Structure formats: structure tokens, C-alpha cells
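*Asks:* Numbering (the UniProt record's numbering), first residue to last: 1 to 103. Just so it is clear, CB atoms sit at the ideal spot from N, CA and C, and this is done for glycine as well. Bear in mind the structure is a predicted one, so any value in this text is a computation, not a measurement.
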Amino acid sequence: MFAVIRTGGKQYKVAQDDVLSVEKLLGEPGDKIEISEVLMVGGEGAPKVGAPLLEGAKVSAEVLGQSRDRKVRIFKKVRRHTYRRTKGHRQHKTQIKITGISA
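#1: From G27, M1, Q11 and I96, pick the residue whose C-alpha is nearest to that of L53; which is it?
#2: Between which two residues does the beta strand (DSSP E) carrying H89 extend?
#3: Starting from the C-beta of E37, find all residues in its chain whose C-beta is less than 7 Å away, skip the five residues before and the five after it, and write them out in chain order.
#4: Terminal residues of the continuous beta strand (DSSP E) containing residue 105?
#5: Could you compute how far the alpha carbon of T94 sits from the alpha carbon of L20?
#6: In or out: L26 buried (at least 16 other Cβ within 10 Å) or exposed?
#7: Starting from G30, trace the beta strand (DSSP E) both ways and give me its first and last residue.
#8: What's the gap between the Cα of H89 and the Cα of E28?
#9: Which value, in whole angstroms, describes the spacing of the CA atoms of D18 and G65?
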């Protein structure tokens, strides 16, 4: 069985025991969370598709850890005007493990 979930403005196809890194979610390592923004559930039989969300469908997960992504460098330059700016950004991430899918 698999599900398509939406979290952090992105969509992920997940199955039981998948480990993935998503935008920061609240919770300490070991906490159980439920993701209610389920767009689709498939597997045995015909897939169920929401418009846009499936009513009553939930994906449960366990928080494995909180971390930060690699640094992204932002460089701005205007030619012939001696204008240069450099910035950096590290996005906060949460590692989760999918423990169950309920349609």
C-alpha cells in the first residue's frame, strides 16, 4: 500500500517503513505524528484519489531527528557597477519514518 502526502509545500509518495527528509515539522526524536493531508491512497484494488484531499485518510509517522540541509549560496551581481552580494541559507529538515497508512 502507498500514499501520496503533502507536507511543506511538496508532495511525497510514501509506503510503510519509508524514511524521508521533509521540511521542518514540530516534534522531538521519538515522537509520533499524523499527517492528514493525504492526496491519494493506492495498493490493492483501485486507487482512491481525493479532490484535493481524501476525507478520513491519515499517514502516521515517527520523528527520527531534526537537522539542517546543506548550505545554498545566493550570489547577486550587477555588471559594471561593482555590485556583489553573497548570502547563504540552510533549510531546517525533519527525518521521519512512515509507520502506517490508513484510508
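*Replies:* Once the coordinates are examined:
#1: Locating residue 53 in the sequence shown gives position 53, where the first residue counts as 1. Nearest C-alpha to L53 among G27, M1, Q11 and I96: Q11.
#2: For this step, residue 89 is matched to residue 89 along the sequence shown. H89 -> beta strand (DSSP E) spans Y83 to H89.
#3: Here the question's residue 37 lines up with position 37 in the sequence shown. Counting only Cβ-Cβ distances below 7 Å, and skipping sequence neighbours, we find I5, R6, T7 and L53.
#4: This structure does not reach residue 105, given that the chain is present from 1 up to 103, and the question cannot be answered.
#5: Counting from 1 along the sequence shown, the entry for residue 94 is found at position 94. Counting from 1 along the sequence shown, the entry for residue 20 is found at position 20. In a straight line, the C-alpha of T94 is about 8 Å away from that of L20.
#6: Residue 26 sits at position 26 when you count from the first residue of the sequence shown. Exposed.
#7: Walking along the sequence shown from the start, residue 30 turns up at place 30. Under the DSSP assignment, G30 falls outside any beta strand (DSSP E); it carries neither an H nor an E label.
#8: If you number the sequence shown from 1, residue 89 lands on position 89. If you number the sequence shown from 1, residue 28 lands on position 28. CA-to-CA, the gap between H89 and E28 works out to about 23 Å.
#9: Residue numbering aside, residue 18 sits at position 18 when the sequence shown is read from its first letter. Residue numbering aside, residue 65 sits at position 65 when the sequence shown is read from its first letter. For D18 and G65, the distance between alpha carbons rounds to 14 Å.
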